[in-house]
Every structure is written in structure tokens, then in C-alpha cells.
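Numbering (mature numbering (1 follows the signal peptide of the UniProt record, and there is no 0)), first residue to last: -18 to -1, 1 to 112.
#1: Taking DSSP's pairing of strands, which residues face residue -10 in a bridge?
#2: With a CB to CB cut of under 8 Å and the five nearest residues on each side skipped, what residues in its chain are close to residue 73?
#3: Hey, how far is the Cα of residue 75 from the Cα of residue 95?
#4: With DSSP run on the structure shown, which of helix, strand or coil describes residue 33?
#5: Can at least three beta-carbon pairs, one atom from the segment 20 to 39 and one from the segment 92 to 112, be found at a separation below 8 Å?
#6: If we ignore side chains and look at the alpha-carbon of each, how far apart do residue 83 and residue 20 end up?
#7: Would you mind working out which of -7, -6, -2 sits nearest residue -13, comparing C-alpha positions?
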């Protein structure tokens, strides 16, 4: 289970060949939820992407609703979009914070993490997850 593997072949401290292997973070989710009900399968989707909480669950729920021809209340749709936008904001904060860390700015990275924690409180109140 790897994301990217680069095998380098050397000859007298010179790289003579490089074989890139692009992998996947395959977690066997399809197999895990094969014998679960739709409701029992929902928590597995939160574990697919540990950075973007609730987005995978949102997509799963939308697919189920379309498949079962279910219409959710408008208020629930607004709440879902709100949390998806908060997730997008969290991802941008992590990306910018990581970039700041790469260029040597350690303190702003901690500021970003602190703001992310404040937003995560909303997730904990809504679902118990982070």
C-alpha cells in the first residue's frame, strides 16, 4: 500500500534507470461493505480520505438517494453543502499551511492548524467525527 514508489538504479553513484510506480491507497472498502446494509456501510466512507471529512459520506448518500429515488428536505441539503464547503476550506488551510511549512514558516502553519481545530468542533457537534 503506497502512493508513489520510485525505484532508482545506480551505477557508480549515477542514476542509470528510474522506474516510477504510481500506487493507490487501496483500503478494500468495497470488500468490507459487501455484506453490510446501506446504513452500516456509511462509516467506512469517512475513512477513505482522512483529510476531507464528510465529503465521501455526502457523495455516498447522494448516490443512495438517487438510486432509491429519495428526496431529502431542503434544509438537510443546505446543511450538507455547508459542511462540504467547510471541508473545502479545511483542505485549503491544510494545503496553504503545508506550503508555508515547506518554505520555512513554522508559526503560520500552527495558526492554520489552530483555525482548523476550531472548524473541527462543528464536525464533532454534528457527527461526533473529526
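Glycine included, every Cβ here is placed at the ideal spot set by N, Cα and C. All values derive from a computational prediction rather than experimental measurement.
Per the coordinate set shown:
#1: -2
#2: 33, 34
#3: 8 Å
#4: coil
#5: yes
#6: 40 Å
#7: -2
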